[in-house]
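Input: a single structure, listed below in structure tokens.
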Amino acid sequence: MKIAFIGAGKVSTALGLYFKNNGFEIGGYYSRSCKSTEKAARMTHSHPYASVGELINDNRMIWITTPDDQIEAVVRQTLLLPVPRKDEKLVLHASGAYPLSILNPLKENGYRTACAHPLLAFGDPVVAQEKLSDVWFALEKPEEDNGQLADFFKACGNQTFTVDSGRKSLYHAAACVLSNYLVTLLDTSFAIFEKSGMPRDNIQEATRPLLESVILNLKGKDLKDALTGPIKRGDKNTVRMHLESLNALMPEMTALYTLMGRKTMQLLGDYSLEEVLNPPLSKQ
Ligand SMILES: NC(=O)c1ccc[n+]([C@@H]2O[C@H](COP(=O)([O-])OP(=O)(O)OC[C@H]3O[C@@H](n4cnc5c(N)ncnc54)[C@H](OP(=O)(O)O)[C@@H]3O)[C@@H](O)[C@H]2O)c1
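Be aware that the sequence shown starts at 658, since it is given in the numbering used here, and climbs by one per residue.
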């Protein structure tokens, strides 16, 4: 199965490198700019296409890997091309938020369609492709799919799961809370460190072992077993002192601290600090 990508960015370059390493033939790339097209094609030793039409003509598995908001435009562009032999071409998108149904006009024109969202935050494509073998793909498949898509990922060694079309936005919100808001939470913590007097330039480096130990503690454990700290220990006075200093020096952080503290009690199933972390939590 020859694979190609419309949109030559982070995800498609990493996927191209990864599928190639797994023995699949990469046909090439088409992107809005020649620069991105050529760069991705060079990295994957594949072809830089000058048009969507040539790319579709030459390949069987076609990924639309533009920004989400451009998927519809690519679909419209593809509809102007000659109709392929029925079910000969598979078009996928990789968005975790947009539904599979955005590809329905292509399905009505004889393409097979699917959506496969990799649960990974892609940065540098070379680094990302090294992580890809551990990645789970969330599949949104049409009814007629009888497991071929899962088999494709299985051949690469990846796990897959099916995402419910009606709850896809919720699934993507969960991915955002994990990957994006974790970064925001770090930034919030850095701001508190800075207010405590720690030089801003040292914070990232000084906190790295702490952060890495948290990730390490998560491995193979229940989340609540990975927790450490005053709420787990039941140290009421410590939490009281945190709140007093936040109220005095960074009152805008108190609501977040309290909310996270209450979520932590909920995770532990231990409400002994309820009086400190007011208002009380519902226990159900
Ligand atoms: N980033 C992640 O962590 C991640 C994770 C999972 C899924 N996804 C999904 O993967 C898809 C791609 O994301 P990404 O992060 O790889 O995006 P990206 O790095 O911004 O790359 C998108 C590429 O598409 C090109 N492009 C834009 N509009 C186009 C059009 N109309 N026709 C052709 N090419 C066009 C861009 O332009 P140029 O040619 O100008 O460079 C760029 O190279 C999205 O659907 C996203 O939701 C992303």
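Virtual Cβ for every residue (Gly too), placed ideally from N, Cα, C.
None of the values given here were measured: they were computed from a predicted structure.
Residue i classed as buried or exposed, judged by whether at least 16 other C-beta atoms fall within 10 angstroms
{"i": "His774", "result": "buried"}
{"i": "Lys825", "result": "buried"}
{"i": "Asn716", "result": "buried"}
{"i": "Tyr838", "result": "exposed"}
{"i": "Thr885", "result": "exposed"}
{"i": "Ser822", "result": "exposed"}
{"i": "Pro782", "result": "buried"}
{"i": "Phe818", "result": "exposed"}
{"i": "Gln805", "result": "exposed"}
{"i": "Gly854", "result": "exposed"}
Contact set for residue i: own chain, Cβ-Cβ below 8 angstroms, skip 5 residues either direction
{"i": "His899", "result": "Pro887, Tyr914"}
{"i": "Leu875", "result": "Ala883"}
Cβ neighbours of residue i in the same chain (closer than 6 angstroms, five flanking residues each side left out)
{"i": "Lys881", "result": "Leu924, Leu925"}
Extent of the continuous beta strand (DSSP E) to which residue i belongs
{"i": "Glu797", "result": "793-797"}
{"i": "Cys691", "result": "Where Cys691 is concerned, there is no enclosing beta strand (DSSP E), although the alpha helix (DSSP H) it sits in stretches over 691-700."}
{"i": "Thr770", "result": "769-775"}
{"i": "Ile721", "result": "718-721"}
{"i": "Ile849", "result": "No beta strand (DSSP E) holds Ile849; the alpha helix (DSSP H) holding it covers 825-852."}
{"i": "Ile660", "result": "659-663"}
{"i": "Gly685", "result": "682-687"}
{"i": "Leu749", "result": "747-750"}
Close Cβ partners of residue i (< 7 angstroms) along its chain, the five nearest in sequence each way excluded
{"i": "Asp725", "result": "Ser752, Ala754, Tyr755"}
{"i": "Leu827", "result": "none"}
Nearest residue (CA-CA) to residue i, options the options
{"i": "Val792", "options": "Gly710, Tyr706, Asn815, Ala730", "result": "Asn815"}
{"i": "Ala661", "options": "Ala698, Ser693, Lys692, Ser690", "result": "Ala698"}
{"i": "Leu930", "options": "Glu901, Thr911, Ser836, Val896", "result": "Val896"}
{"i": "Ser669", "options": "Phe847, Lys764, Gly710, Leu789", "result": "Leu789"}
{"i": "Arg906", "options": "Gly877, Lys852, Asp927, Phe809", "result": "Note that residue 906 is Leu in the sequence shown here, rather than Arg. Closest option to Leu906, Cα to Cα, is Lys852."}
{"i": "Gly780", "options": "Leu672, Gly891, Asn803", "result": "Leu672"}
Range covered by the alpha helix (DSSP H) that runs through residue i
{"i": "Gln734", "result": "728-736"}
{"i": "Thr911", "result": "911-925"}
{"i": "Thr670", "result": "667-678"}
{"i": "Phe818", "result": "First-last for Phe818: 816-819, but that is the beta strand (DSSP E), not the alpha helix (DSSP H)."}
Stretch-stretch touch, CB-based, cutoff 8 angstroms, three pairs: the region 670-683 with the region 727-743: no
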